[in-house]
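The sequence shown begins at 2 in the working numbering and counts up one residue at a time. Scroll down for the structure; my scribbles are underneath it.
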Amino acid sequence: MAGSKTVTSILTHLTRVIPFLTFVNNTKMDVLIEYFRQSLDFNQYDREHSTEQAVKLELFCALTSGIDHNAIGNTLKDRLVASKVVYTALDYLLQNAPTIRSAIARDSPEWKEFVAKPSLKFVLRLLTGLAHSHVTTQLALAVDSIPLFHHLEQISSDEHVGSLAENLLEAMRGHPTVAERIEEVRQQTKREKKRLAMAMRENNFELSE
């Protein structure tokens with residue numbers, strides 16, 4: 002077990018070095034992306050996956066979070082967007098997420114099943130890494146997914162999906178327009194919670210009379 006952890010730690014450190022070797026070189030960046038491409042079939046991963054595939058996704062998350070938050074680092078992020086990595090992750094989320102029926106997250110069999118999907122934590126983490134200081138990713142994620150990410154940030158789970166979704170929204174807030182949309186969605190939930198609390202107090206008052 003200790004040896005396995007050491008190997009994983011070494012590989013994780015390598016993922017922070019590898020991007021520096023590919024920056025501004027389209028051929029090298031494409032080779033790097035294609036190395037991970039097969040691991041990004043998230044529906045297949047949910048159905049069945051090996052330890053090797055899990056390690057590969059873990060490394061890809063480490064790679065995206067290790068990319069420098071500057072113009073040079075964004076050349077790799079631009080390539081990842083152009084190669085459909087961001088849209089592959091988005092499609093997975095939008096295809097699998099249950100319909101949002103209320104601003105306030107509620108326990109339901111559908112949401113429990115979605116939150117338990119093995120790929121979800123990786124998808125949220127890799128998108129967070131790509132969204133940091135990268136306008137193209139921030140805007141792509143903002144088109145349809147802010148209500149979903151906000152719904153997820155209200156959910157507690159063993160995989161800490163709520164915290165991961167919150168981290169993703171905070172990374173997206175680097176773009177002022179996106180930050181406004183996120184705040185609007187969060188405020189809507191606060192208003193709904195306040196409305197329900199007032200309705201409950203009124204109902205309790207009527208029952209006590």
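Beta carbons are placed, not taken as given, at the ideal position from N, Cα and C, and that holds for glycine.
Membership of residue 117 in any alpha helix (DSSP H) is not indicated, and neither H nor E is assigned to it by DSSP.
Across the structure, residue 61 and residue 149 are spaced so that their CA atoms are roughly 23 Å apart. Rounded to whole angstroms, the gap between the alpha carbons of residue 74 and residue 27 is 13 Å. At the C-beta level, residue 132 and residue 173 come within 7 Å of one another.
Inter-residue distance for residue 116 and residue 161 is about 10 Å (C-alpha atoms, whole angstroms). About 20 Å separates the Cβ atoms of residue 156 and residue 182, ruling out a contact at the 8 Å cut-off. By the C-beta density criterion, residue 154 is buried, having at least 16 other C-beta atoms within 10 angstroms. Distance between residue 48 and residue 120, taken at the CA atoms: about 10 Å.
The criterion of a C-beta distance shorter than 7 Å is not satisfied by residue 104 and residue 185.
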